[in-house]
Amino acid sequence: MSTIDQAAPTADTTKSLPGHVIYRRVLAERTSYALAAAGMAVGPQLDDSAWSYLASGGIGLGTLAWLYAKTKDPDQGLGMLTRAQRAIPFLTAAGTYVANLITPGFNWWEVVAPAAWASLMGWMAPLTRSAGLVLELSEQQALADPARELTYTEFLAAKWQQATGDGTRLVSITPFRADRPDFEAVVVAQAGKAVPTFTEVQLAAAFDFPVGTVKIRPIQGSGPGRMRLVARPTSEDIEAVAEGIRGLWEIAVAAPGKAAPGVELLDYRSEPHRIVLLVASPLGKEIHLPHTAICSAFGIDDPSRLVIETDGIRQGVVSIYKTNPLMKVRKATVEDLTMDAKGRVTIGVCHDGKPARMRLWDPSQGALRGITAGVTGAGKSVLQNLILAAEKRSGVVSWVGDVQGGMSLPEAEGRVDWFAKGPVETLLMLTAAHAVMKYRERISNEMGRGDFALNRPWPLINITLDEINRLLSHPDEAMRKATAYLIADIQKTGRKVGIGIRLAVQSLHLKDLGDDDAIRQQGKVGALFLMRTASSSTKEMGLDGIAPAGFQMENIPARIYENGQIEALFSGKDDEDGESTAGMAYMFLDGRAKFMRTFFAEKVDGVYPDLIALYGDEPANGLTEGEAKAAQAGAAIYGVRHTNPYADCDTLAQAFSDAPGSTPAAGAPAPDADGGDGDEAPAPFEAPFGIPFGDGGPDIGEEPGLQDQILDLLADGPKSLKQLREALPSFQPSSVSNACTQLKSKGLAKSLKRGHWQLADS
1493 MSTIDQAAPT ADTTKSLPGH VIYRRVLAER TSYALAAAGM AVGPQLDDSA
1543 WSYLASGGIG LGTLAWLYAK TKDPDQGLGM LTRAQRAIPF LTAAGTYVAN
1593 LITPGFNWWE VVAPAAWASL MGWMAPLTRS AGLVLELSEQ QALADPAREL
1643 TYTEFLAAKW QQATGDGTRL VSITPFRADR PDFEAVVVAQ AGKAVPTFTE
1693 VQLAAAFDFP VGTVKIRPIQ GSGPGRMRLV ARPTSEDIEA VAEGIRGLWE
1743 IAVAAPGKAA PGVELLDYRS EPHRIVLLVA SPLGKEIHLP HTAICSAFGI
1793 DDPSRLVIET DGIRQGVVSI YKTNPLMKVR KATVEDLTMD AKGRVTIGVC
1843 HDGKPARMRL WDPSQGALRG ITAGVTGAGK SVLQNLILAA EKRSGVVSWV
1893 GDVQGGMSLP EAEGRVDWFA KGPVETLLML TAAHAVMKYR ERISNEMGRG
1943 DFALNRPWPL INITLDEINR LLSHPDEAMR KATAYLIADI QKTGRKVGIG
1993 IRLAVQSLHL KDLGDDDAIR QQGKVGALFL MRTASSSTKE MGLDGIAPAG
2043 FQMENIPARI YENGQIEALF SGKDDEDGES TAGMAYMFLD GRAKFMRTFF
2093 AEKVDGVYPD LIALYGDEPA NGLTEGEAKA AQAGAAIYGV RHTNPYADCD
2143 TLAQAFSDAP GSTPAAGAPA PDADGGDGDE APAPFEAPFG IPFGDGGPDI
2193 GEEPGLQDQI LDLLADGPKS LKQLREALPS FQPSSVSNAC TQLKSKGLAK
2243 SLKRGHWQLA DS
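Everything in the sequence shown is counted per this note's numbering, starting at 1493 for the first residue and increasing by one.
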């Protein structure tokens, strides 16, 4: 061990000496130990003397008393260790000497013990070492010695010492990155003194950094004798921004009359691209964090840069991003869409970089319900395709009702067990699903089972209904009632037999759900995805009972801009220059709201090839044999579902009458013996499973004057249903079809073949 190594400081001091001075002090200390050892060996062999006992005992007891007195101060810290180090030579020497005195005669170890003590003390040099002497090394001296190259931290310490010359030292120097000069360190003042106040110019000049890039801040839990120095000449000082936000929060957010009065900023955390704030309302108050007002307080014009999450009681976390955290999202992989043991798949990325997971089913609850709300272009189709591809990859039976005639989810056609196009076929699919549900309920009761077990004996069935608002608000009252009944009943009882149902709508307004609040409330129990909508408040969005208490959000904008929307407007950039927010959503799961974005998918020629590839080439998962028979009994269309024979039907009555193997409902007139296509509606109309919709079934009445106009048109010769509708544009297509059915029941008209009519006496 070298002299300089022995003199390295063990506590914060300010003594900086040249190397030769330190060497002389160590040499003097070692010499004194050699002389003391000689006295310790010879002294006990002389005549007994009271002075020997008094001297050795006095040294030992006096040192102990001095050391004990120094321990009474609770704020000693490292100083206590330093004093104990200084007491070592005196206590050990006194102990060795007294041991020699009290031993009668001469023993060999009375010489060895002092020699060993002198060697140990000489090697330790505790007195010099405890003084904390620091080698004074100038930049010129270091450069003059080519054999020794300064490290970056040593160079910074030497620069600081050369520039300040006030006795302060730079310790604990930590570079932020190996390829940048940015660093942080601790400035230590002389014992008993405070770190001097430095100007920004002085701090910058010490390291030749730009003015304003070097800051000195207090250290939490430390006194004025130690300060933290942060130098960021090439990167933004995130902590300075965060500390500015603390003051801004108190002034613009928490102050009386501001955005969130009384909400206290408890702590913050700085990350490269975001600042995380931990806030809490006063005791006894429910937390309330208005999204728009807080954006305004921080000068944020892109609301997606501010994310608020709360525990629903008193505390919340506010994330402030430098830029939108979801500007760019990767594509999905097969691993993302493979269900884990908890029934979860990954469908995107949360704002904080964590995977956005949702459950296809819950092992403890069974099948799940859910609603996805978003306007056209919000990303509903990508989200639904990701979920459907995940279901196919995970052995789930997927039934899809695309009420828009197959235009919303073309990627799913041919890749799911049932892809129903249009309102009529979608309703027939719901009828079959209801029949399968009743079949599973009956078998479960016979087996004495109360809950669903995956693939024991049935697979999970998930029904996806896209653009369902078109069916729930259909002009045909019978179809509206049937749809509402089937959806509500499957929502309520399908869970226990493994049949889940998800709705995709334009918004959560009741008008988009056929004014059926039961459907909305049941759907909100499961996974709710709120994408860009036409509403801007949680109340209007129908999030009551779903959003955590105190949750506030602004609607997701159509586009986001790297430098902000206002800057884009001011600079005159077109809307196309921004980034589309398609796929961004608030995902409400387990009482929490997570801001996320679905995985990226690129549309080519109207479809998403990436999503099609994720479905895989394997056949779609289907029903068991018993379920297939039940579905066929409930709606005969199941056996011919891939041919979509009723996708273009306008009324359920026509579809049920023409369904292969169908029979009229109770009270319905029998088909004509001439082989008519049965275009008439049952009267009263009943569901194939025998449950009427409404008290007496829907009223298929007649529009005033419509039947007379149809008879006038048929007087010119047979007409197809399409020709009749084109000739009567002021009437609903379903009304024209119903009127033809009524004319047939009155004996005034008859059907030649499917969709073609003529007068009965022709």
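Cβ coordinates follow ideal geometry from the N, Cα and C atoms, glycine included.
Looking only at DSSP bridge pairs, what is Gln1807 linked to?
Ala1772
In the structure shown, what three-state DSSP assignment does Gly1942 receive?
coil
How far does the beta strand (DSSP E) with His1783 in it extend, from its first residue to its last?
Element bounds for His1783: not the beta strand (DSSP E) but the alpha helix (DSSP H), His1783 to Phe1790.
Leu2213 and Val2228: beta carbons closer than 9 angstroms?
yes
Rounded to whole angstroms, how far is the Cβ of Gly1808 from the Cβ of Thr1815, which I believe are closer than 8 angstroms?
Actually they are not in contact, since the Cβ atoms of Gly1808 and Thr1815 sit about 22 angstroms apart, beyond 8 angstroms.
CA-to-CA distance, Gly1704 to Tyr1515, given in whole angstroms
41 angstroms
Start-to-end residues for the beta strand (DSSP E) that takes in Asp2200
From DSSP, Asp2200 is part of no beta strand (DSSP E) but of the alpha helix (DSSP H) over Leu2198 to Leu2206.
Helix, strand or coil at Leu1829 [DSSP, three-state]
coil
May I have the straight-line CA-CA distance separating Ile1812 from Lys2086, to the nearest angstrom?
15 angstroms
When the distance is taken between beta carbons, is Leu1875 closer than 9 angstroms to Ala2077?
yes
Do you know whose CA, among Gln2215, Lys2238, Pro1764 and Thr1555, lies nearest His2248's CA?
Gln2215
From the DSSP output, in three-state form, read off Lys1884 for me.
helix
On the DSSP letters alone, give me the boundaries of the alpha helix (DSSP H) that Arg1962 sits inside.
Asn1961 to Leu1964
Continuous alpha helix (DSSP H) stretch holding Met1899: start and end:
No alpha helix (DSSP H) holds Met1899; DSSP gives it neither H nor E.
With a Cβ-Cβ cutoff of 9 angstroms, do His1783 and Pro1764 count as a contact?
no
Determine the direct distance from the alpha carbon of Arg2089 to that of Asp1828, and round the result to whole angstroms.
14 angstroms
Is Trp1615 helix, strand or coil by DSSP?
helix
Nonlocal neighbours in the same chain, by C-beta distance under 8 angstroms from Glu2110, ignoring five residues either side
Lys1884
At which residues does the beta strand (DSSP E) containing Glu2094 begin and terminate?
That residue, Glu2094, is in no beta strand (DSSP E); it is neither H nor E in DSSP.
Can you give me the start and stop residues for the alpha helix (DSSP H) that Phe1668 sits inside?
From DSSP, Phe1668 is part of no alpha helix (DSSP H); its letter is neither H nor E.
Look up Asp1497 in the DSSP assignment and say whether it is helix, strand or coil.
Low confidence applies to Asp1497: its pLDDT is 41, below 50, so where it sits in the model is not reliable, and the reading given next is rough at best. Asp1497 falls in the helix class under three-state DSSP.
Look up Ala1996 in the DSSP assignment and give the residues it is bridged to.
Thr1864 and Asp1958
Find the nearest neighbour of Arg1669 within the set Thr1918, Tyr1644 and Ala1655, judged by alpha-carbon distance.
Tyr1644
Assigned exposure category for Asn1954 - 16 Cβ within 10 Å defines buried:
buried
What's the gap between the Cα of Asp2097 and the Cα of Gly1835?
34 angstroms
Among Lys2121, Tyr2130, Met1819 and Ala1772, whose alpha-carbon lies nearest the alpha-carbon of Ile1800?
Ala1772
Taking its Cβ as the centre, do 16 or more other Cβ atoms sit within 10 Å of Ser1714, making it buried, or is it exposed?
exposed
Decide if His1843 is buried, meaning its Cβ has at least 16 other Cβ atoms within 10 Å, or exposed.
buried
Would you please state the rounded distance, in angstroms, between the beta carbons of Ala2317 and Leu2115? I believe it to be under 8 angstroms.
Because the chain is modelled from 1493 through 2254, residue 2317 falls outside the range shown and cannot be assessed.
For Leu2235, does the count of other Cβ atoms within 10 angstroms reach 16, so buried, or fall short, so exposed?
buried
Note down the Cα distance separating Lys1820 from Val1841, rounded to an integer number of angstroms.
10 angstroms
Give me the Cα-Cα distance between Val1928 and Asp1981, rounded to the nearest whole angstrom.
13 angstroms
Buried versus exposed call for Asp1894 [16 or more other C-beta atoms within 10 Å across all chains shown]:
buried
Nearest-angstrom Cα distance between Ala2105 and Arg1932?
33 angstroms
Could you name the residues of the same chain whose beta carbon sits closer than 8 angstroms to that of Gly1869, not counting the 5 residues immediately before and after it, in chain order?
Arg2024, Ala2050, Ser2072 and Ala2074
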